[in-house]
Structure formats: C-alpha cells, structure tokens
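Chains as they are written, first to last, in the numbering used here: chain A, 1 to 279; chain B, 280 to 558. The beta carbon of each residue, even a glycine, is placed where N, CA and C say it ideally should be. I have placed the structure first, in the form of structure tokens, so that the comments after it can refer back to it.
Number of protein chains: 2
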Amino acid sequence: MREFDIITKLLKPISGRDSVGLSDDCAFFDGYCITKDILVAGVHFFENDAPYNLARKALRVNLSDLASSGAKPFGFMLGLALPKNTTQKWFEGFTSGLKADIAEFKFQMLGGDTVFHDGALTISVTAIGKTPKPITRSGAKLGDNIFVSGAIGGGYLGLKRKAQFIEKYELPEPRIKLGLKLRKIANSCIDISDGLLADLNHICEESKVSAEIFSNQIPLADPNYDLIEQISGGDDYELLFTSPKETVKNCYKIGKILTGSGILLDGKKIKPKGYEHGK
Amino acid sequence: MREFDIITKLLKPISGRDSVGLSDDCAFFDGYCITKDILVAGVHFFENDAPYNLARKALRVNLSDLASSGAKPFGFMLGLALPKNTTQKWFEGFTSGLKADIAEFKFQMLGGDTVFHDGALTISVTAIGKTPKPITRSGAKLGDNIFVSGAIGGGYLGLKRKAQFIEKYELPEPRIKLGLKLRKIANSCIDISDGLLADLNHICEESKVSAEIFSNQIPLADPNYDLIEQISGGDDYELLFTSPKETVKNCYKIGKILTGSGILLDGKKIKPKGYEHGK
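The following block contains the structure:
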C-alpha cells in the first residue's frame, strides 16, 4: 500500500468534520490550525545529521505547514522514539536546537512523550498555530497568478549531498512572515514538500482547476541542473500560492490558473511525479 | 539517559508557559487540553496484536489522559510509522478500530502523517479535549480521600499474558464519564499508566503532600497474586484521584492525603517502583 492509497481509501472516509477531508496539511478549529509531521532516520534525514539541526528541521517542516495556512506559531507537542544508545550529549544538542527555534519563531513546547526502542530515531511533532481565516489548497481561482517564494530544487540537491545545498535540505526556512501577509492576498497556498509539480497538482485537484507554468520563469536552485528533477524533488519548503495580484514582493510569478485539470509546462501537459519519502 | 532525566533536566527548562512545566500528561490552553502518547511495537504492545484493538488502544491511552484532566474528547492527530510490508488487510483492521472508537467516544480524526520505514510499527497520537477548568496532579489537599476507579493490576497481569486479563491490557477503558463528573469533586487526578504507587507518587510530588494507603482497601485484579507487583505494574488506565468526599459512586477509597512527602502503605514507608515501558 502507498501512503496516498491509505489516506484516500481508508483514512479519508473516517476523517472528522474539522479535518477538511484530510485534503490539507492542516486541520482547522476555533481559530486554531493543527498539523503533524513524522520524521524517521534513514527516510527523512541521515542517521548522523547533527542533532541541533535535526531538532530544528523537525520543528520547521511543521512550521512550514503553519506558514502555508497563514497561521502564526502557537505551540507544539514533541514525540520521540529514541534508540536505546542515545547519549546525553546528543540529547543536549537536540534540546539546544529546539530552544533556538522556539526563540526564533516565538513558539512554545506544550508537552509530549519520549520512549526508548530498538529502532531508528523517530521524531513526531504536532504543531498548532493561530489564524482567524486559514488559507487552504482549495481556493485557487480562474485567472489567479501562480507564485513561489524562492528557489526550487535546493532541497532535492541537498538530499543528493550537493555541498552548497546541504544547509537548505537540513535547515529549511519556514515562510511564516510571508504566510501572514498572504492571508490578505492569496486564494490558495501550499508548502513545497513533495516537489513543485506534485504540490501544484494538489492545489489544482483540490481547487478543481488547471495550471500553466513556464520553465523560464521558475527560479531554479541550480540553473545548470536538470529542470524536471528540480521541480519534481521534495523538501524545498518554499510557499507555492495563487493570487489575483500581478506581483508579490520577493516572490516569483511562474504561471497562471486556468480551467480544466492538470498542469501545462511551456504549453505541454506534464504528469507530476512527486517525491515520495522512503520509496 | 532515562526518560525521567530527559524530561526533568533537558526538556523542562525549555517548556512553554502553557505546558504546566511538563508536570501533567496534558497541557492546557484556551479551554483545550492536549496530550500525546507514542506506542511502539515490542515496547507497548506485541507485534502480532490484532490491528483492530491496537488502533483502539492507541486512542484509548490518550483518551485516558483526557479523562484524568476532566476533559471531553474533541479530536486527534494520527502519526504512523509503518513497516514497509504492512498489508492492506492489516490497515483495514486498524481503520475499523479507529472508526469504532471515534463513534464510541464521540471523537474525530483531524489529520496526521503516515510514513513507511524499515523499523517496527510506531503509533503517535496527539489528542485534544475540551475542559473549562482542568483537573491536574498538583491540586491534592491535606485531608483529601484517595480513590481509584477500578481494579488495580489487571493491565500488568495482561502484559504477563494471564488469559483473563489480556483484554484489560489490550483494550483499556478510558474513564471519560467519570472524568467529567470529577470536575466538580476532585482536587487532583491522574490516570494509572505507570502503576498505582508511581502515579500516586506523581500526585504527592506535584501537590507537595504525602499519602497513606491501605492494602485491604485496594481493589486488586487478582487478590491471590502479589500485591506489590500489582500496585507497581502499569497499564491499568483507571483514574486515581483525591477528593474531600467520603464516597464516590463506583469508586474505591484507598487512603488519605497527609502532610510531608512519600507514601505509607499500611503505616510503613514504601518506595514507589513504577513500571517503565521498554526497560
């Protein structure tokens, strides 16, 4: 079974009224926005990644989900399944990383659970944000322009261990401030974790529209590296959003929302092949 | 490092204002109560436990935390790290279990995350409840009577594979209704997951009091089995609470809150040795 099948065939039918049918990374209730991302050693990060950065990445992939909803960070629950040989030094590094990002993003640790086991390090963060009116994937409108908040493909190249992109992969920058600004101007938004094409496709499917994008407008992390790989790779954690605006400061317009379904790249249909962690 | 050291030495100093210093299973904000429990195969359950019951147990240990705070179930986030060979049949059983308890406890699934990995099944549930005024571990008052909501030791005997207690171990009964009733009458409350003695000790430490309990008043799951083992074993998921009331319907009075610190069993000091999962 693939993650996609599990979600659509088995979990979606039993999801609750506030879950938005599991179509978003976040669920929304009472002015709050909640999301959860699990990271597993060997799947989402390398076993020997520095614990300081690892703690921050675990928070940041969740903060990025909050950013995509236009939410302000409120607090998080931390779940840790630790290998039995975890050292105090490792855990001190991990705690310092948490502390740094708690301060940077005005976040707070609410609680959690810690267990020891025989397996690999597993970090499960549930993050809560506040937003009076969430931005979702399903609001894209015909004629909206499509924007991204930064270079695409850096997360993928970092995963491939290209030296200058390792930091981008290990320590993504959640676009919290931009997310707050988007509350007023974006009709739809998602953070790019599965890859630009796959995440744009999520917006199209949930909004029941199609998208046309242009390769010469996409800001690539490495313009000399293959375009399709970079727009199919995951872990960029830039925001991808649609808005009737013609320009958005510090963001790149890469295309337009049209009727129909699917994605056109330079006028040709392209099947989005997203990055699936652990495959 | 032990879980206790990690929490008190490293995590407590960086915990947030709504975390109650990580002293409770739940954190509280804005009328909501939030808790998280991770269950790992081989640590908290047996690899071949039926998926239907496993899903329910994962929800119920969290529902039990909500019950101990006097909260009404609201919703949960489900995190799953699944072995790559998980079958559709297994997952259908798991989903049916979720569905059953969503209905039974008027709960809702808000969202979550699913990943595949090489390790053992890991289930991370974050549960949210609603309560206008949470009951905590720290409110026990001098002269309060100490109560438990049911037989003690059944979870432990089930873990030991004693046939008639396996269901108690696999499918604990969260005392949600009692928790709601306790809002009006209890000064402190905890659910018994680490063992009666260890959890009573948590109340004493957080409330800065001592407790005297009497062995002939403790309702044992198996009166012919060793008392100390049964009151030191985990996984009962009964509520342990203190109240000025002399009697509480369907609950057992087992002792009294006194000044000082520590626990007296039949007049003698006893060092609480709780059950630590995975040790």
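- Using a Cβ-Cβ cut-off of 9 Å, I313(B) counts as an interface residue toward chain A, since at least one Cβ of chain A sits closer than that to its own.
- K532(B) and G422(B) have their alpha carbons spaced roughly 13 Å apart.
- No residue range can be given for N216(A), since it is assigned to no alpha helix (DSSP H) and is classified by DSSP as neither H nor E.
- The way I'd put it, the region 113-121 of chain A does touch the region 84-101 of chain A; three or more beta-carbon pairs between them come closer than 8 Å.
- Judged by DSSP secondary structure, G154(A) falls within the alpha helix (DSSP H) whose first and last residues are 154-159.
- Residue burial annotation: P292(B) is exposed, with fewer than 16 other C-beta atoms found within 10 angstroms of its C-beta.
- Listed along chain A are L10, each with a C-beta nearer than 7 Å to that of E371(B).
- By the rule that beta-carbons nearer than 9 Å mark a contact, G321(B) touches chain A.
- In this structure, the straight-line span from the alpha carbon of L476(B) to that of L537(B) is close to 16 Å.
- Taking C-beta separations shorter than 6 Å and ignoring five residues to either side along the sequence, the partners of I166(A) in its chain run G158, following chain order.
- For the C-beta of K99(A), the chain B residues within less than 7 Å are, from N- to C-terminus, I293.
- Annotation: F370(B) is outside any beta strand (DSSP E); the continuous alpha helix (DSSP H) that includes it extends over 367-383.
- Of the residues assessed, E326(B) falls on the exposed side of the cut-off, its CB having fewer than 16 other CB atoms within 10 angstroms.
- Nearest neighbour of G474(B) by Cα position, chosen from I431(B), I497(B), A329(B), turns out to be I431(B).
- In this structure, G408(B) is the residue among K288(B), P502(B), G408(B), N424(B) with its C-alpha nearest to the C-alpha of D309(B).
- Here Y252(A) carries a strand assignment [DSSP, helix/strand/coil].
- Sequence-distant Cβ neighbours of P411(B) in its own chain, meaning closer than 7 Å and more than five residues away, are G310.
- For I7(A), same chain residues with a beta-carbon under 7 Å away, outside a window of 5 residues either side, are L22 in chain order.
- Taking C-beta separations shorter than 8 Å and ignoring five residues to either side along the sequence, the partners of S243(A) in its chain run D144, N145, F147, L182, I185, A186, N187, following chain order.
- The beta carbons of G150(A) and P219(A) sit about 7 Å from each other, so the pair counts as a contact at 8 Å.
- If you check each beta-carbon in the region 105-133 of chain A against every beta-carbon of chain B, the ones closer than 7 Å belong to Q108, M109, L110, G111, G112, D113, T114, V115, F116, H117, D118, G119, A120, T122, S124, T126.
- By the criterion of at least three beta-carbon pairs nearer than 8 Å, the region 261-276 of chain A is in contact with the region 196-216 of chain A.
- Using a C-beta cut-off of 8 Å, the region 330-340 of chain B makes contact with the region 367-387 of chain B, since at least three inter-stretch Cβ pairs fall below that distance.
- Taking 9 Å as the cut-off, the beta carbon of F324(B) is found no closer than this to the beta carbon of T405(B).
- Here DSSP, grouped into helix, strand and coil, assigns Y311(B) to strand.
- For the C-beta of D37(A), the chain B residues within less than 7 Å are, from N- to C-terminus, D392.
- Counted as a single uninterrupted DSSP element, the stretch harbouring D470(B) is not any alpha helix (DSSP H) but the beta strand (DSSP E) occupying residues 467-470.
- DSSP, read as helix, strand or coil, puts K133(A) in coil.
- Of the residues assessed, E517(B) falls on the buried side of the cut-off, its CB having 16 or more other CB atoms within 10 angstroms.
- By the rule that beta-carbons nearer than 9 Å mark a contact, I381(B) touches chain A.
- Around the beta-carbon of D25(A), 16 or more other beta-carbon atoms lie within 10 Å, marking it buried.
- DSSP lists no bridge partner for L461(B).
- Closest in alpha carbon position to G458(B), among A500(B), E449(B), I414(B), F493(B), is I414(B).
- Assignment of N424(B) by DSSP, reduced to helix, strand and coil, places it in the strand class.
- Between the alpha carbons of A55(A) and G390(B) lies a gap of roughly 22 Å.
- Each residue's CA atom was taken as its position, placing I231(A) and F28(A) some 29 Å apart.
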